[in-house]
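Visitor: Residue numbers for the sequence shown follow full-length UniProt numbering, beginning at 1 and rising by one.
We treat Cβ as the ideally placed atom computed from N, Cα and C, and that holds for glycine.
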Amino acid sequence: MFRQVFNFLDKQKCGLVSCEKLGELVRISGFNPTEAEIANIKSRYSEKTGITFDEYIKLLSGLDCIATEDDIRGAFKVFDKYNDGKIKVDLLRNVLTRVGEPLTDREVDNFLEIMGMKDRDYIEYDALCSQLASYVYECL
Numbered sequence: 001m002f003r004q005v006f007n008f009l010d011k012q013k014c015g016l017v018s019c020e021k022l023g024e025l026v027r028i029s030g031f032n033p034t035e036a037e038i039a040n041i042k043s044r045y046s047e048k049t050g051i052t053f054d055e056y057i058k059l060l061s062g063l064d065c066i067a068t069e070d071d072i073r074g075a076f077k078v079f080d081k082y083n084d085g086k087i088k089v090d091l092l093r094n095v096l097t098r099v100g101e102p103l104t105d106r107e108v109d110n111f112l113e114i115m116g117m118k119d120r121d122y123i124e125y126d127a128l129c130s131q132l133a134s135y136v137y138e139c140l
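1. Flag this pair as yes or no: are the beta carbons of Glu35 and Ser130 separated by less than 8 angstroms?
2. When we look at the beta-carbon of Val99 and count the other beta-carbons within 10 Å, is it buried (16 or more) or exposed?
3. Give a yes or no on contact between the region 48–55 and the region 110–123, applying the rule of three or more CB pairs nearer than 8 angstroms.
4. For the candidate residues Leu60, Asp84, Lys13, Arg106, whose alpha-carbon lies nearest to that of Glu24?
5. Here's the rule I'm using: 16 or more other beta-carbon atoms within 10 Å means buried, otherwise exposed. How should Phe8 be labelled?
6. When we look at the beta-carbon of Arg73 and count the other beta-carbons within 10 Å, is it buried (16 or more) or exposed?
7. Should Cys19 go down as buried or exposed, given a rule of 16 or more other Cβ atoms within 10 Å for buried?
8. Report yes if the C-beta distance between Phe79 and Val95 is below 8 angstroms; otherwise report no.
And the structure:
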């Protein structure tokens, strides 16, 4: 799979993918780094015109962009005011649109709809963590 992704972005078929395409290369490979992480990756290769397949594989092996189910659960638990496994949907929306790399309201609406939570006041995040973790692993 990684060879196919690399070859797809190696437009000139010269064994290099341009440094401008590094974000796209990493994301198509199944990782979801932040813009700051992409900027950091690009800075490591700033003096080069592109990266080789071997450099690409080395780059991917050093990424820590995959969240486990426990990581996801821990993130939700921070907002679980009563420690009952539930958080308010409004709170989730607020966090997703204001913290880190914020989502748009439309993106949050789509997320809630996909996860079957659009018309709820509270979500039980244990089930959501399982859904999200299984989705992450399906994408790899």
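Guide: If we stick to the structure as given:
1. For the purposes of this step, residue 35 is taken as residue 35 along the sequence shown, with counting starting at 1. For the purposes of this step, residue 130 is taken as residue 130 along the sequence shown, with counting starting at 1. Contact: no.
2. Here residue 99 refers to the residue found at position 99 when the sequence shown is read from its first residue. When all chains shown are included, Val99 counts as exposed.
3. no
4. In the sequence shown, counting from the first residue as 1, residue 24 sits at position 24. Cα-wise, what sits closest to Glu24 is Leu60.
5. Position 8 of the sequence shown, counting from 1, holds the residue named residue 8. The residue is exposed, with fewer than 16 neighbouring Cβ atoms inside 10 Å.
6. For the purposes of this step, residue 73 is taken as the residue at position 73 of the sequence shown. Buried: at least 16 other Cβ atoms inside 10 Å.
7. Within the sequence shown, numbered from 1, the residue matching residue 19 stands at position 19. Burial call: buried.
8. Counting from 1 along the sequence shown, the entry for residue 79 is found at position 79. Counting from 1 along the sequence shown, the entry for residue 95 is found at position 95. Contact flag set, yes.
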